[in-house]
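Numbering-wise, the numbering used here puts 200 at position 207 of the sequence shown, and it's gapless, one number per residue. Okay, so here's the structure we're looking at.
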Amino acid sequence: MKELMLGNEAVARGIYEAGATVVSSYPGTPSTEITAYAAEYDEIYAEWAVNEKVSCEVALGASFGGARAFCGMKHVGLNVAADPIFTASYTGVNGGLCVAVADDPGMHSSQNEQDSRHYAIAAKLPMLEPSCAQECIDFTKLCFEISEKYDTPAMLRLSTRISHSRGVVEPCERTDYKKKEYKKDPQKYVMMPLMARKRHIAVEQRMRDLEKYAEICGINRIIKSENSGADRIGVIASGTSYVYAHEALGDTASYLKLGMINPLPVELIKKFAAAVDTLYVIEELDPVIENHCKANGIKVIGKELFSLVGELNQVIIKEKISGEKPEYISFEEDIPQRPPVMCAGCSHRGLFTALKKLKVFISGDIGCYTLAAAPPLSTMDTCVCMGASVSGLHGFNLAQGKELSKKSVAVLGDSTFIHSGITGLINIAYNMTDSKVIILDNTTTGMTGHQHNPVTGCTLKNKPAPVTDIEMLARAIGIKNIAVVDPYDITNTYEVLKEELEKDGPGLIISRRPCALLKTAQAQQPLTINSDECKKCGVCLTICCPAISREKNSFVIN
């Protein structure tokens, strides 16, 4: 029976159908839903790990134990997981291991626009790229098969458009996968230099074998147009770029659709190139396929037409190749910009209102609170990566000196603190700078959709779990100055922050208030403006709540 599935949901279905039993991930848009959907299958153990490195190591350990295992992450999460992934390429696997990474061309929800294909090339791992929901199922299952056949982790590259688009799929029955026996083999699994040198030889042989496979595998295929003039134009593309190209050019071109994007075929591309007059490579983001073609003497047109920046679309492709500007829906007036804002009732707003009044330098991090960088709050000074606010503040204070360090703070959420802020806080405690770290504890992983984490007391499958006590943890690593505030009480929050900033030594302030959108959050009584007492001064607008607005000469709360 056919169903309509989200791309990420289809990947989860592929995990299920492949007979996998262990899934470990850290939430990161656009990959989050894979693990959330996988958790709905009783046959699969699924968890939110504390970060991507840990999730990859959990999945690799499960693979060593003979199970088929999966971990998923967004592209910047792959940076965190790179350490185990590169060495896992040497150890190989026992049970199949699939690592999915979702890239974000256009940076819809990310701080950079990296191309994860470079990781597959550098780590010498096979990588597949689906272009529709059905392929998300099929390619996920194929990843497990390739993983076991070639003794390697296998990577699945997604993108925002594939992960978050829906398509028709035909689900199949679950494979009756029998867990493999673990056999002690230090030469294979213990990567000391002597063993690793031998394993590197095996990795290079594996890549040669995979190069042969890339020439004959069914997921790299030539799609020849029936149009008599279509041999004039050939297009090499994969994933969502193939979808755009086919929709833009239709049967006016022939296509080499690549499902396996590392390693890439050579002879198949040469065969296709010989059959067309002009050959284009269409890909997001970097010229990976284009450079491969040129390195093998194949003349192609690529990035001289198509940008290294942002997403492609049908209009761009049609215009660049045919010179025609296709008709598309336009609006007589520009659509008003609607930038993301903190939600009405967001607890972070109170904290940043107090920090703005204190005029401090704010070392920022990844999460809902990053929106404090935007007007009218405009308080965030830096934002690099998960956990960098803490370590970055330490370095900033070393540069600025003791007195100015009392006018600077780091901010990060509870989930981000668990992910990669703990080590930075230990570093501050150990090296004893006057660095003040603020944890915005809203008892959830907010920006990616309210996932549980170790401070929520619940697992991904909604089972009770021990709660990580942030205050106790801070004391254990040597932080003596610890304060807790309720950001709804802006006046007290301001006074506590002012007092804590004056103290010598490392400090931790916890701004604790559950996310206003949580079902478990206690609803507050709705507020109204007392028109008799209102002085129309506009001070209420300074907290930047979208529910408060000015109407003519008065103020209202929606």
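For glycine and all other residues, C-beta sits at the position ideal for the given N, C-alpha and C. Just so we're clear, the structure is a prediction, and the values are computed from it rather than from any experiment.
- Leaving aside the five residues that flank A467 on each side, the residues in its chain whose CB is nearer than 6 Å to its CB run, in chain order, I475 and L501.
- For the stretch 30 to 54, the continuous beta strand (DSSP E) assignments of 3+ residues that do not extend past its boundaries occur at 38 to 41, in sequence order.
- Our two residues, A115 and Q393, have alpha carbons roughly 38 Å apart in a direct line.
- Exclusion of the five residues before and after P23 leaves N1, K67, A95, D97, H101, S102, L151, S152, T153, S156 and H157 as the residues of its chain whose Cβ lies within less than 8 Å of its Cβ.
- A direct Cα-to-Cα measurement between G99 and E304 gives close to 5 Å.
- Taking 3 residues as the minimum length, the beta strand (DSSP E) runs contained wholly in the stretch 247 to 294 are 247 to 251, 253 to 255 and 271 to 275, in order along the chain.
- One thing to note: K399 has its Cβ within 7 Å of the Cβ of L494.
- Ranking V43, A11, L(-1) and V4 by CA distance to the CA of H412 puts V43 first.
- The beta carbon of V73 is closer than 6 Å to those of N44, E45 and K46 in its chain, skipping five residues each way along the sequence.
- If you draw a straight line from the Cα of P258 to the Cα of R192, it comes to about 24 Å.
- The DSSP assignment places complete beta strand (DSSP E) segments of no fewer than 3 residues inside the stretch 368 to 433 at 401 to 406, in order along the chain.
- Put simply, the backbone Cα of M425 is about 41 Å away from that of R110.
- Here A288 is exposed: its Cβ has fewer than 16 other Cβ atoms, across all protein chains shown, within 10 Å.
- The shortest CA-to-CA distance from A93 to any of N105, S542 and Y112 is the one to Y112.
- Judged by DSSP in its simplified three-state form, E166 adopts coil rather than helix or strand.
- Relative to G450, the option among Q444, H443, T28 and P459 whose CA is nearest is P459.
- CA-CA distance, L433 to K496, rounds to 20 Å.
- S124 is bridged by DSSP to nothing; it lacks a bridge partner.
- Ranking E166, P368 and E128 by CA distance to the CA of R159 puts E128 first.
- DSSP places K205 in the helix class (H, G or I) of the three-state scheme.
- Cβ atoms of G360 and T486 stay farther apart than 8 Å, at about 18 Å.
- Only residues of its own chain outside the window of five on either side were considered, and among them M425, D427, K473 and N474 have a CB closer than 8 Å to the CB of G498, listed in chain order.
- Going by C-alpha positions, A422 is about 42 Å away from A13.
- Under the three-state reduction of DSSP, T461 is assigned to coil, being neither helix nor strand.
- The beta carbon of S218 lies closer than 6 Å to those of D244 and S247 in the same chain, with the five residues before and after it left out.
- With contact defined as three or more Cβ pairs closer than 8 Å, the stretch 325 to 339 and the stretch 304 to 314 are not in contact.
- Under the criterion of beta carbons closer than 8 Å, N546 and K529 qualify as touching, at roughly 7 Å.
- By the C-beta density criterion, K512 is exposed, having fewer than 16 other C-beta atoms within 10 angstroms.
- Judged by DSSP secondary structure, G7 falls outside any beta strand (DSSP E) and instead within the alpha helix (DSSP H) spanning G0 to E10.
- By the 16-neighbour rule on beta-carbons within 10 angstroms, D462 is exposed.
- In the DSSP assignment, Q444 is bridged to T438.
- In this structure, DSSP gives M200 a helical state, which the three-state scheme calls helix.
- Remark: C-beta atoms of G59 and K142 do not approach each other more closely than 7 Å.
- Note on D270: under 16 other CB atoms within 10 angstroms of its CB, so exposed under the neighbour-count rule.
- Scanning V430, V196, T25 and L364 for the CA closest to the CA of P146 turns up V196.
- CA-CA distance, E297 to Q198, rounds to 35 Å.
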